[in-house]
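Enquirer: Got a structure for you, questions after.
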Amino acid sequence: MVKMMKKKIKIKKIDYLPARQVTFSKRRRGIFKKAAELSVLCESKVAVVIFSATGKLFDYSSSSIKDVIERYKAHTNGVEKSDEPSVELQLENENQIGLSKELEEKSNQLRQMKAEDLEELNFDELQKLEQLVDASLGRVIQTKEELRMSEIMALERKGAELVEANNQLRQTVSNYHNHMMLSGGNTGPTLMDPERLSNNIGGGGEEEGMSSESAISTTCNSALSLSPSLGDASDDVTLSLKLGGMVKMMREKIKIKKIDYLPARQVTFSKRRRGIFKKAAELSVLCESEVAVVIFSATGKLSDYSSSSIKDVIERYEARTNGVEKSDEQSLELQLDNENHTKLSTELEEKNRQLRQMKGEDLEELDLDELLKLEQLVEATLVRVMETKEELIMSDIVALEKKGTELVEANNQMVMLRERMVMLSKGNTGPALMEPSESATSTSCNSVLSLSLEDDCSDDVILSLKLGQTVRAGRRPMCLKT
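The numbering of the sequence shown is my numbering, which starts it at 1 and goes up by one.
Here it is, written out as structure tokens:
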């Protein structure tokens, strides 16, 4: 068995010019691809400058190659680059602030639609949220039922098509059977007619030494030989099986995205950086090219490689590109802000999509399983909102009952105070006490007010006392005059 081993290539100059040109083109693209993957996976800044043997310039940078070169010069000279933010950068920062606020607002609404952070809502807000979630649940259920009905209709239509195809196949088998009976030249086993074949398949019996499986196999082979369309379907099935086997043997493609786990990102950066440097060294030897690679990690650490002198390569690059300015070139900071802006916009769009679906909108893109999950989520939200609303109502009822009990207690104290005053007035002699004058009434009212202040009564209790005294005296007391 031959082992599938990769042949090791000896690194030396390729003398045959066409082969050297092809190798240069392939390896140059390979280095640029590896540099792009490194910048995405590890959030590093990479710049690659390549001069071919004929002096042709090729370059790549994850952001702006001039910014990377300036950063490299500042790093090697010990001079930190400090630029004032441009007007465009300030506008981009303002846009990011607006997007961040909108994203926070949408996230808060989405949490409330999922019955989270309900403690800060009052009764009216809970009532509106309950109505919104209830309406959303109705729309989700309606959409789910419509999707189920459409799937049922599709299955019924497919079943009708299968029945029609089965009838056509039975007709083909019957015609073939009649043809063989009329020709009388059948040398193989006699085919059963469709009725006997169906009876044999249903009963599982055998006839004339041939099992039902053999009969089915023979019948199907004969039908395939007579039906070109079925033969084509068989070829399609064979091709699908072959392609399926090839897919299993293919290597799974890795999605290039930022590695969130820091240790894994550091290991990946170290391995891929060495790989790029190795590829650059091989390219310089195989194709007599001049290569320079500058890499800044996410933490700002500098790594570089050059086949000769990196400063010479940079000077050669600047001399070549001098006087050729690229239009609409963005700074490193502006590109980072653009990336953050794109990320915020993507997150905001995702929050809006989820919020619309929680409100029962844009449900056409969901399948049945997703609709079932959304229905369960909305039902759970509705239950939690109703429970929170009931808890708030009960807390209000308890508070009102407590306040009512306090008022009853204060009223009882006032009743006792009034009876006490009546008893004091009955204990005195003289007609003046039986028919109190305005001055006596005023004095009595003042005494009641002083007693009520000593007992720390509320304004409502004092008003009740005043009204009770007025009813008892049958006339308006002087102390109530404005």
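Positions of the beta carbon are idealized from the N, C-alpha and C atoms, including for glycine.
Values in this document were obtained by computation on a predicted structure and should not be read as measured data.
1) By how many angstroms is the C-alpha of Glu315 removed from the C-alpha of Leu17?
2) Hey, Arg265 and Ile259 are a contact pair by Cβ (cut 8 Å); roughly how many whole angstroms apart?
3) If you draw a straight line from the alpha carbon of Leu283 to that of Ser345, how long is it in whole angstroms?
4) Quick check on DSSP: helix, strand or coil for Pro18?
5) Sort Met394, Ala74 and Lys389 by Cα distance to Phe123 and report the nearest one.
6) Please work out which residues of its chain come closer than 6 Å, Cβ to Cβ, to Ser39, disregarding the five sequence neighbours upstream and downstream, and give them in chain order.
7) Report the rounded CA-to-CA distance for Glu104 versus Gln357, giving the unit in angstroms.
8) Smallest Cα separation from Lys114: which of Met386, Pro263 and Ser64?
9) Could you check whether the region 271-291 touches the region 14-28, counting it as contact only if at least three pairs of C-beta atoms, one from each stretch, sit closer than 8 Å?
10) Hey, does Glu146 have any beta-carbon neighbour from chain C nearer than 7 Å?
11) Kindly identify the DSSP beta-bridge partner or partners of Ala47.
12) Where Asn166 and Leu363 are concerned, what is the direct C-alpha to C-alpha distance, given to the nearest angstrom?
13) Can you give me the Cβ contacts of Lys128 inside the same chain, cut-off strictly under 8 Å, excluding the 5 residues immediately before and after it?
14) For Gln21, which of Gly404, Val294, Ile141 and Ala53 has the nearest alpha-carbon?
15) Quick check on Tyr261: buried or exposed, where buried means 16 or more other Cβ atoms within 10 Å of its Cβ?
16) Going straight from the alpha carbon of Val415 to that of Leu400, what length do you get?
17) Buried or exposed: Ser211, going by 16 or more other Cβ atoms within 10 Å of its Cβ?
18) Specify the secondary structure class of Tyr261 as computed by DSSP and reduced to three states.
19) CB-CB under 7 Å to Ser44, same chain, minus the five flanking residues each way: which ones, in chain order?
20) To which residues does DSSP link Tyr305 through a beta bridge?
21) Expressed to the nearest angstrom, what Euclidean distance is found between the alpha-carbon atoms of Arg320 and Asn340?
Expert: A quick look at the data gives this:
1) 28 Å
2) 4 Å between Cβ atoms; contact.
3) 41 Å
4) helix
5) Lys389
6) Val46 and Ser62
7) Looking at the two C-alpha atoms, the distance is approximately 18 Å.
8) Met386
9) yes
10) In the displayed structure, chain C is absent; only one protein chain is listed.
11) For Ala47, which the question treats as bridged, DSSP gives the partners Ser61 and Val294.
12) The straight-line gap from Cα to Cα measures roughly 37 Å.
13) none
14) Nearest option by C-alpha distance: Ala53.
15) Per the 10 Å Cβ criterion, exposed.
16) 22 Å
17) Bear in mind that the predicted position of Ser211 carries a pLDDT of just 43, short of 50, making it unreliable; the figure below should be weighed with that in mind. That one is exposed.
18) coil
19) Leu38, Phe269, Ile295, Phe296, Ser297 and Ala298
20) Val293
21) 33 Å
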